[in-house]
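Start counting the sequence shown at 1; every next residue gets the next number (the UniProt record's numbering).
The C-beta atom is built at its ideal place from N, Cα and C for all residues, glycine as well.
In this text, all values refer to a predicted model and were calculated from it rather than measured experimentally.
The structure appears below as structure tokens.
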Amino acid sequence: MWNTIFFQPLLNALIFLYNLLGQNLGWAIIGLTLLIRGVLTPLTLPSLKSGQKMKELQPELNKLKEKYGQDKQVFAKKQLELFQSHGVNPAAGCLPQIIQLVVLIALYQAFNLVLQSDGNLVVNLNKVLYAPLRLGQDFVLNTKFLYLNLAQPDLFSIPALKIAGLTFNKLPGIFLILAAAVQFFSSKLMMPTVKTKESTDDLAASMQTQMLYLFPLMTLFIGFKFPSGLVLYWLVFSLIMLVQQILLNNGKKH
Numbered sequence: 001m002w003n004t005i006f007f008q009p010l011l012n013a014l015i016f017l018y019n020l021l022g023q024n025l026g027w028a029i030i031g032l033t034l035l036i037r038g039v040l041t042p043l044t045l046p047s048l049k050s051g052q053k054m055k056e057l058q059p060e061l062n063k064l065k066e067k068y069g070q071d072k073q074v075f076a077k078k079q080l081e082l083f084q085s086h087g088v089n090p091a092a093g094c095l096p097q098i099i100q101l102v103v104l105i106a107l108y109q110a111f112n113l114v115l116q117s118d119g120n121l122v123v124n125l126n127k128v129l130y131a132p133l134r135l136g137q138d139f140v141l142n143t144k145f146l147y148l149n150l151a152q153p154d155l156f157s158i159p160a161l162k163i164a165g166l167t168f169n170k171l172p173g174i175f176l177i178l179a180a181a182v183q184f185f186s187s188k189l190m191m192p193t194v195k196t197k198e199s200t201d202d203l204a205a206s207m208q209t210q211m212l213y214l215f216p217l218m219t220l221f222i223g224f225k226f227p228s229g230l231v232l233y234w235l236v237f238s239l240i241m242l243v244q245q246i247l248l249n250n251g252k253k254h
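What follows is the structure, given as structure tokens:
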């Protein structure tokens with residue numbers, strides 16, 4: 001069922017776009033990302049709006065924290081009442097995040113198959129490609145995109161450096177740095193702009209601060225291990241989400 005619903009359609013879409021866009025895997029990944037983002041937008045937009053409302057309610061949450069902070073049960077009840085009165089669902093972001101994670105896993109599986117180099121690429125691809133998209137035996141995948149080899153991590157080699165007993169000879173590439181930066185700014189936009197002592201002590205605010213740095217660091221770590229094709233997908237996907245968040249914020253101001 002996993003292959004039928006997620007993996008196979010994504011892989012076929014990737015190969016279709018690869019052929020459509022001049023056999024350029026980079027543009028195919030970007031095109032697939034735009035397609036996925038378009039499909040997921042109706043699911044993610046309510047999550048973004050809910051996050052924006054929670055951000056706007058932060059001053060009122062701080063007042064509740066100050067008034068009822070000593071009684072956690074009362075505070076939780078008042079907090080829920082505040083959310084309900086403004087139509088905010090704190091769990092609104094769960095389903096979109098789960099779907100995005102599932103898509104990312106399926107894409108990783110697809111990229112693993114497409115970017116393999118064991119000589120059996122055509123045979124293995126044709127096992128899961130729909131009949132009109134099946135490849136000839138002379139098919140050769142073009143993994144070049146700008147300076148990237150999409151089958152390899154986006155890293156630059158440097159002279160070996162020893163720091164605290166550890167040896168470093170690689171630095172993250174431009175796309176990997178951009179992906180981490182976009183993650184940082186996306187998380188930053190979702191954080192409350194008004195901070196008080198109470199909001200600093202709040203568990204949710206503390207978790208938000210941790211996530212602000214955790215997601216970019218995770219992006220860098222993953223980018224060191226996985227093909228840059230996956231990083232390219234994550235960069236474009238996150239960039240679209242950042243633009244949507246900026247537009248949503250600007251719309252609230254007017």
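In the structure shown, what three-state DSSP assignment does residue 127 receive?
-> Numbered from 1 along the sequence shown, position 127 holds the residue referred to as residue 127. Here residue 127 sits in coil by DSSP.
Grab me the residues of residue 225's own chain with a C-beta within less than 8 Å of its C-beta, minus the 5 sequence neighbours each way, in chain order.
-> Translated into the one-based positions of the sequence shown, residue 225 becomes position 225. Closer than 8 Å at Cβ, skipping near neighbours: 153.
For residue 145, which beta-bridge partners are listed by DSSP?
-> For this step, residue 145 is matched to residue 145 along the sequence shown. The partner list for residue 145 (beta bridge, DSSP) reads 148.
Beta-carbon separation (whole angstroms), residue 170 vs residue 150, contact threshold 8 Å = Looking up residue 170 in the sequence shown gives position 170. Looking up residue 150 in the sequence shown gives position 150. Between residue 150 and residue 170 the Cβ distance is about 17 Å, and since that is not below 8 Å, they are no contact.
Helix, strand or coil: which one does DSSP assign to residue 185?
-> As a working mapping, residue 185 is identified with position 185 in the sequence shown. Three-state result, residue 185: helix.
With a CB to CB cut of under 8 Å and the five nearest residues on each side skipped, what residues in its chain are close to residue 122?
-> The sequence position of residue 122 within the sequence shown is 122, counting from 1. Same-chain partners within the cutoff: 135, 136, 137, 139.
So, residue 45 versus residue 31, is the Cβ gap smaller than 7 Å?
-> On the sequence shown, residue 45 is found 45 positions in, with the first residue counted as 1. On the sequence shown, residue 31 is found 31 positions in, with the first residue counted as 1. Not closer than 7 Å, so no.
From residue 249 to residue 11, what does the alpha carbon distance come to, in whole angstroms?
-> Locating residue 249 in the sequence shown gives position 249, where the first residue counts as 1. Locating residue 11 in the sequence shown gives position 11, where the first residue counts as 1. Going from the Cα of residue 249 to the Cα of residue 11 covers about 35 Å.
Give the DSSP bridge partners of residue 167, in chain order.
-> Against the sequence shown, residue 167 aligns to sequence position 167. 162.
Contact between the region 32 to 43 and the region 98 to 107 (3+ Cβ pairs under 8 Å) | yes
Could you tell me which of 59, 24, 239 sits nearest to residue 176, measuring between CA atoms?
-> Along the sequence shown, read from residue 1 onward, the residue named residue 176 stands at position 176. Selected option, being the one with the closest Cα: 239.
Straight-line Cα distance separating residue 211 from residue 85 | Sequence index remark: in the sequence shown, residue 85 carries index 85 (1-based). Sequence index remark: in the sequence shown, residue 211 carries index 211 (1-based). Using only the alpha carbons, I get a separation of about 27 Å.
Do you know how far the Cα of residue 6 is from the Cα of residue 106?
-> As a working note, residue 106 is residue 106 in the sequence shown. As a working note, residue 6 is residue 6 in the sequence shown. Rounded to whole angstroms, residue 106 to residue 6 spans 6 Å at the Cα level.
Candidates 215, 246, 165, 232: which alpha carbon is nearest residue 146's?
-> Sequence index remark: in the sequence shown, residue 146 carries index 146 (1-based). Cα-wise, what sits closest to residue 146 is 232.
Going straight from the alpha carbon of residue 64 to that of residue 79, what length do you get?
-> Taking the first residue of the sequence shown as position 1, residue 64 is located at position 64. Taking the first residue of the sequence shown as position 1, residue 79 is located at position 79. Distance between the alpha carbons of residue 64 and residue 79 is about 7 Å.
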